[in-house]
Structure formats: structure tokens, C-alpha cells
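One structure is given here, and the rest of the page talks about it.
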Amino acid sequence: MARARSAKAALRTRYRPLSSGPATCTANPFVFICLAMRSAKSRRAKLPTCTVQPAGAAACAGVAAGGVTAAGLGLAWIGRLLLAGVPSPREVSIFTLLCAAAVAAALASGAAGTLRLVGRGPNLAWFAAGLGGGVVVATWLR
Amino acid sequence: MAAVTPRFGRALLRLFAVQASYNYERMLGLGVGVAEEPLLRGLPAEGAASPYRAAVARGAHFFNSHPYLAGLAVGAAARAEHDGAPAELIERLRAALCGPLGSIGDRLVWAGWLPLLSGLTLAAISLGAGWTAVAAFFLVYNIGHVALRWWALRQGWTHGVRVASALHRPLLQRGAALAGPAMACAVGAALPLSAQYLATPFGAWARGVLAGAAVIGFLSLRWLPGRLTGLRLALGLAAAALLVGWVWR
Numbered sequence: 000m001a002r003a004r005s006a007k008a009a010l011r012t013r014y015r016p017l018s019s020g021p022a023t024c025t026a027n028p029f030v031f032i033c034l035a036m037r038s039a040k041s042r043r044a045k046l047p048t049c050t051v052q053p054a055g056a057a058a059c060a061g062v063a064a065g066g067v068t069a070a071g072l073g074l075a076w077i078g079r080l081l082l083a084g085v086p087s088p089r090e091v092s093i094f095t096l097l098c099a100a101a102v103a104a105a106l107a108s109g110a111a112g113t114l115r116l117v118g119r120g121p122n123l124a125w126f127a128a129g130l131g132g133g134v135v136v137a138t139w140l141r
Numbered sequence: 000m001a002a003v004t005p006r007f008g009r010a011l012l013r014l015f016a017v018q019a020s021y022n023y024e025r026m027l028g029l030g031v032g033v034a035e036e037p038l039l040r041g042l043p044a045e046g047a048a049s050p051y052r053a054a055v056a057r058g059a060h061f062f063n064s065h066p067y068l069a070g071l072a073v074g075a076a077a078r079a080e081h082d083g084a085p086a087e088l089i090e091r092l093r094a095a096l097c098g099p100l101g102s103i104g105d106r107l108v109w110a111g112w113l114p115l116l117s118g119l120t121l122a123a124i125s126l127g128a129g130w131t132a133v134a135a136f137f138l139v140y141n142i143g144h145v146a147l148r149w150w151a152l153r154q155g156w157t158h159g160v161r162v163a164s165a166l167h168r169p170l171l172q173r174g175a176a177l178a179g180p181a182m183a184c185a186v187g188a189a190l191p192l193s194a195q196y197l198a199t200p201f202g203a204w205a206r207g208v209l210a211g212a213a214v215i216g217f218l219s220l221r222w223l224p225g226r227l228t229g230l231r232l233a234l235g236l237a238a239a240a241l242l243v244g245w246v247w248r
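If you're matching them up, the sequences are chains A and B in order.
Okay, so the first sequence: first residue is 0 according to numbering that gives the first Met the number 0, each after it adds one.
Okay, so the second sequence: first residue is 0 according to numbering that gives the first Met the number 0, each after it adds one.
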């Protein structure tokens, strides 16, 4: 793994280019974009990218993603076992419960994400105003 | 330079694919270089060290900004190349544009225009607009999107190295200032309307379960940011629902 560059100079950030680097050879052909990319990457093979992470972190992320996928597939399998065949009143209730869980998760994620987007600045008052207006309209429509 | 209109259109079309070659070494650089190339065709192209080749190579250096506003840098750099500006000045111009274009674009589009229209669409669907609201969302969003790309490229091509004046336009500043409150208001109104729309088909007991689970899920997501995601919450609630259904005899 390449050494950390933080001791030398400011690291490249999302909107800041590298302070120094090999210039692009203008004699290179740029007929196809893949050639240009190959040229650029071949000259920068030794430089670390901003996504360099310890080897364990990538493995942990992979295991976590695999765990979530396995959990989803396992739940689908259990749901299929519980809800197979002609639906009885109990199975209809289980299905209703599953739907309620899915809708609740969607609403909770939407509300949390919205608050994160709005933040704690001046937009929060506008969010509260909109929320109040939405509650009034929703109550009026019932 | 006189016959710039077809080249301008070609550059604008290429800007739609500016993220196609996104990579961690140059971010949007290669895409910006490809988009800039039609505007550089008026430069002398003979020889390996021709101004045209040098300009295209410079255009493909590191660059990152909001993709909708990348046209501003493309047009400005191309105009500066035609005006014979020094290579160092063009490099500095591109580097200086990264931060402002990224910041304004993020505020204007990702934290303004997109969630504003999403909130209005959700509210409209909840009020019974149906698929018409979805179609209107795609239409209105893309009118603003394409107009912003066109405006950015046009301003860059018009102003060249003095492109910073375009960023101080009252329309852009006012748009960025208004987008935040409008977005907050729209998504705030959309939340209760969407909740009511989604909860309507359920019976009384299921609505109680839904409300309780939504409140617990919301608080969990607020208390455990990063550790608990929406997907994990949904899987956890589905597992709890199946467990209750399995135990319930």
C-alpha cells in the first residue's frame, strides 16, 4: 500500500487537484476515451487514491453487505413459508403486519433523511411551516 | 470561431455524458476534456505539439464540480484557449472554478431543485394527481436541468477567463438563496400527506402498529446515524413482523 501523503502537503480533496503530477503527453492519441484513460492511469499507478483504506475495512464492508443481502433473502424465504397457500385470516394479518413494517420503515427513513437534508439552519423554520401546513391539509382531507 | 453554433451544440450534448469516465484520479477531468474538444477545433492542429492537442490535453486534467455546472468551466477554458491565454492561467482558472461550481451546484440542485420537486410530486400524488404528477416531475426537473447546463456553457463561452462575473449573477444567487427554504417547505408538507396516503388502506390496529414502528424507526435512525440505515431498519422491522406472525397462533 502506498504511504500516506499527508505529511508532505495538503491532500487532494474532492474539489482540489493534486499539487503536482505528471503532465499528460500531448503526443498521445485521444481517439478513444479508453486510450486516454489507460494513458492517464498508467502514469499514476504509483499514486494512492483518496479511497485507499486498510485491507480489513474493505473485507468488513463486504461481509456487512453480504450479511444484509443474506438477511433479506432469509426473511423472504421465511415470509414465503408463513404465507404459502390459500391465505387464512392469520396469514392475511401477517401480510398486513409485513406491509405496515415496510411502510413504517419507509416513512421513518424519509423523515430522518429529510431532517438531515434540511439541517439546523434557517431552513428548519420553513420545514416546520411546511410540516404544519401538510398536517392541516391531511387532517382536512380525512 | 465564427461557426461556433454546431460545435457549441456538440459540446452541450457531450456534457450530458460528463460523468461517464468519472474516476478517482481525475474525477470529471476526462469528461470535461471530451466535452471541450468540439469548442477547440478552431485551433491549429498540425504537429504533435500543436495548440489544439495541448488544449485538449489540458482539458482532460483533474477537474471536479457539480456536473450541471461543469459547462461553465468547459466554455471558459475553451474561450481562454482561443483568446491565447497562457497555459498556467487556464490551469489556475480550472482549479479555481472547482470549489465554487461544486458548492453552488450542490446547493442549487442536490439540496434545492431536486428535493423541492420531489416533495411537490409526493404531495401531489398524495392529493390524487397520480401518474400525471410523476410525468410533470420529469418534465419540469429536466427543463431546469437542461436550462442550467445550457446557461453554464453559454456563460463560460461568453466570458472566458472573466467567468467569475457569471457566478455573481443575481438570478443564480437568488435562486440558490430561495431553493433552500422552498425545498424545506415542500418536503415538510409532503411528509404528513405521504404518511396519510400510505396509511389509508390499513385498518385501525395496523395503523397503530405502523405509527409506533415509524416513530421507533425514526428515533433509532436519529440516534444511530451511520450504524443504522434505512435498509437495515426495513429488514429489522420485517423480521420483527415475521417473528410476531410466527409466534401468533
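We put the CB at the ideal spot given by N, CA and C, even for glycine.
*Does the segment 78-85 of chain A come close enough to the segment 195-214 of chain B to have 3 or more Cβ pairs within less than 8 Å?*
The segment 78-85 of chain A is not in contact with the segment 195-214 of chain B.
*What residues in the segment 187-201 of chain B have a beta carbon less than 8 Å from any beta carbon of chain A?*
Residues of the segment 187-201 of chain B whose Cβ lies closer than 8 Å to any Cβ of chain A, in chain order: G187, A188, A189, L190, P191, L192, S193, A194, Q195, L197, A198, F201.
*asked:* Between P43 of chain B and chain A, is the shortest Cβ-Cβ distance under 8 Å, so that the two count as touching?
replied: The residue you call residue 43 of chain B lines up with position 44 of the second sequence. With its beta carbon at least 8 Å from every one in chain A, P43 of chain B lies outside the interface.
*Check the Cβ-Cβ distances between R231 of chain B and every residue of chain A, and say whether any is below 8 Å.*
Working through the second sequence from its first residue, we reach residue 231 of chain B at position 232. For R231 of chain B, the answer is yes, since a Cβ of chain A falls inside 8 Å of its Cβ.
_Looking at the secondary structure, which residues open and close the alpha helix (DSSP H) in which N141 of chain B lies?_
Counting from 1 along the second sequence, the entry for residue 141 of chain B is found at position 142. Annotation: the continuous alpha helix (DSSP H) that includes N141 of chain B extends over 130-158.
*Roughly how many angstroms separate the alpha carbons of V33 of chain B and I142 of chain B, rounded to a whole number?*
As a working note, residue 33 of chain B is residue 34 in the second sequence. As a working note, residue 142 of chain B is residue 143 in the second sequence. Computed Cα separation, rounded: 24 Å.
*asked:* To the nearest angstrom, how far is the alpha carbon of G244 of chain B from that of A101 of chain A?
replied: To locate residue 244 of chain B, count along the second sequence from 1; it is residue 245. To locate residue 101 of chain A, count along the first sequence from 1; it is residue 102. Each residue's Cα considered, the two are about 15 Å apart.
*Using a threshold of 8 Å, state whether the C-beta atoms of A19 of chain B and G30 of chain B are closer than that.*
One-based indexing of the second sequence puts residue 19 of chain B at position 20. One-based indexing of the second sequence puts residue 30 of chain B at position 31. Cβ distance < 8 Å, so A19 of chain B and G30 of chain B count as in contact.
*Name the chain A residues that come within less than 7 Å of R221 of chain B, Cβ to Cβ?*
As a position in the second sequence, residue 221 of chain B is number 222, starting the count at 1. For the C-beta of R221 of chain B, the chain A residues within less than 7 Å are, from N- to C-terminus, A111.
_Taking only three categories from DSSP, how would you classify A44 of chain A?_
Along the first sequence, read from residue 1 onward, the residue named residue 44 of chain A stands at position 45. Any answer about A44 of chain A is weak, because its pLDDT of 46 lies below 50 and its placement is not dependable; what the coordinates show is given next. DSSP places A44 of chain A in coil when its eight states are reduced to three.
*In angstroms with no decimal places, state the Cα-to-Cα distance between R13 of chain B and L96 of chain B.*
Walking along the second sequence from the start, residue 13 of chain B turns up at place 14. Walking along the second sequence from the start, residue 96 of chain B turns up at place 97. Answer to the nearest angstrom: the Cα atoms are 20 Å apart.
_Option in B:G46, B:G41, B:R6, B:E90 with minimal Cα separation from G58 of chain B_ = Locating residue 58 of chain B in the second sequence gives position 59, where the first residue counts as 1. Taking only the C-alpha atoms, the option nearest G58 of chain B is B:E90.
_Outcome for H167 of chain B when other beta-carbon atoms lying within 10 angstroms are tallied against a minimum of 16_ = Position 168 of the second sequence, counted from the start, is the residue given in the question as residue 167 of chain B. With a threshold of 16 other beta carbon atoms within 10 Å, H167 of chain B falls short and is exposed.
*Rounded separation between L190 of chain B and L116 of chain B - CA only*: Taking the second sequence and counting its residues from 1, one reaches residue 190 of chain B at position 191. Taking the second sequence and counting its residues from 1, one reaches residue 116 of chain B at position 117. Between L190 of chain B and L116 of chain B, the C-alpha separation is close to 14 Å.
*Enumerate in chain order the residues of its own chain whose CB-to-CB distance from A1 of chain B is below 8 Å, with the five nearest sequence positions on each side excluded.*
Taking the first residue of the second sequence as 1, we reach residue 1 of chain B at position 2. Because A1 of chain B sits at a pLDDT of 40, beneath the cut-off of 50, its placement in the model cannot be relied upon, and the following sentence gives the value as read from the coordinates. Taking C-beta separations shorter than 8 Å and ignoring five residues to either side along the sequence, A1 of chain B has no partners in its chain.
*Given that F217 of chain B touches chain A, what residues does it touch there, using C-beta distances under 7 Å?*
Reading the second sequence from its first residue, position 218 is the one you call residue 217 of chain B. Chain A residues near F217 of chain B: A107, A110, A111.
*Please classify P224 of chain B: does DSSP put it in a helix, a strand, or coil?*
As a working note, residue 224 of chain B is residue 225 in the second sequence. In the structure shown, P224 of chain B falls within a strand segment according to DSSP collapsed to helix, strand and coil.
*Using a Cβ-Cβ cut-off of less than 8 Å, give me the residues of the segment 57-81 of chain A that come near chain B, in sequence order.*
Listed by position along the chain: V67, A70, G71, L74, I77, G78, L81.
*Does W245 of chain B have its Cβ less than 8 Å from a Cβ in chain A?*
Here residue 245 of chain B corresponds to residue number 246 of the second sequence, with the count starting at 1. Yes, its Cβ sits closer than 8 Å to a Cβ of chain A.
*A196 of chain B - containing alpha helix (DSSP H), residue span*: Residue 196 of chain B sits at position 197 when you count from the first residue of the second sequence. Residue 196 of chain B is actually Tyr in this sequence, not Ala. Y196 of chain B -> alpha helix (DSSP H) spans 169-198.
*Would you kindly work out how many angstroms separate the C-alpha atoms of G98 of chain B and H65 of chain B, rounded to a whole number?*
Taking the second sequence and counting its residues from 1, the one referred to as residue 98 of chain B is at position 99. Taking the second sequence and counting its residues from 1, the one referred to as residue 65 of chain B is at position 66. Going from the Cα of G98 of chain B to the Cα of H65 of chain B covers about 9 Å.
*How would you list, in chain order, the residues of chain B whose beta-carbon sits under 7 Å from the beta-carbon of A137 of chain A?*
Against the first sequence, residue 137 of chain A aligns to sequence position 138. For A137 of chain A, the residues of chain B that pass the 7 Å Cβ criterion are P191, L192, Q195, in the order they occur in the chain.
*Pick helix, strand or coil for F62 of chain B, following the three-state DSSP scheme.*
The residue labelled residue 62 of chain B in the question sits at position 63 within the second sequence. Three-state DSSP puts F62 of chain B in a strand.
*Just the Cα atoms here: how many angstroms apart are V160 of chain B and A16 of chain B?*
By one-based count along the second sequence, residue 160 of chain B stands at place 161. By one-based count along the second sequence, residue 16 of chain B stands at place 17. Taking the straight line joining both Cα atoms gives about 24 Å.
*Tell me, please, which residues DSSP counts as bridged to N22 of chain B.*
Position 23 of the second sequence, counting from 1, holds the residue named residue 22 of chain B. Paired residues: B:M26.
*asked:* Using 8 Å for Cβ pairs, my map puts A212 of chain B next to L97 of chain A. What's the rounded Cβ distance?
replied: Position 213 of the second sequence, counted from the start, is the residue given in the question as residue 212 of chain B. Position 98 of the first sequence, counted from the start, is the residue given in the question as residue 97 of chain A. Contact doesn't hold; Cβ gap of about 11 Å is too wide.
_Under 7 Å (Cβ pairs) to chain A, residues found in the segment 157-190 of chain B_ = Listed in chain order, the positions of the segment 157-190 of chain B with a beta carbon within less than 7 Å of a beta carbon of chain A are G179, P180, A183, C184, A185, V186, G187, A188, A189, L190.
*Measure from the C-beta of P85 of chain B to each C-beta in chain A and report whether the shortest distance is under 8 Å.*
The count along the second sequence starts at 1 and reaches residue 85 of chain B at position 86. Chain A, which has no Cβ nearer than 8 Å to the Cβ of P85 of chain B, makes this no.
*Starting from V91 of chain A, find everything on chain B with Cβ-Cβ shorter than 7 Å and list it in chain order.*
Taking the first sequence and counting its residues from 1, one reaches residue 91 of chain A at position 92. Annotation: V91 of chain A has no Cβ neighbours in chain B at a cutoff of 7 Å; minimum Cβ distance is about 11 Å.
*Could you tell me the distance, in whole angstroms, from the CA atom of W150 of chain B to the CA atom of G8 of chain B?*
The residue labelled residue 150 of chain B in the question sits at position 151 within the second sequence. The residue labelled residue 8 of chain B in the question sits at position 9 within the second sequence. Their Cα atoms are separated by approximately 12 Å.
*Backbone CA spacing between Q195 of chain B and S108 of chain A [nearest angstrom]*: In the second sequence, counting from the first residue as 1, residue 195 of chain B sits at position 196. In the first sequence, counting from the first residue as 1, residue 108 of chain A sits at position 109. Each residue's alpha carbon lies about 16 Å from the other.
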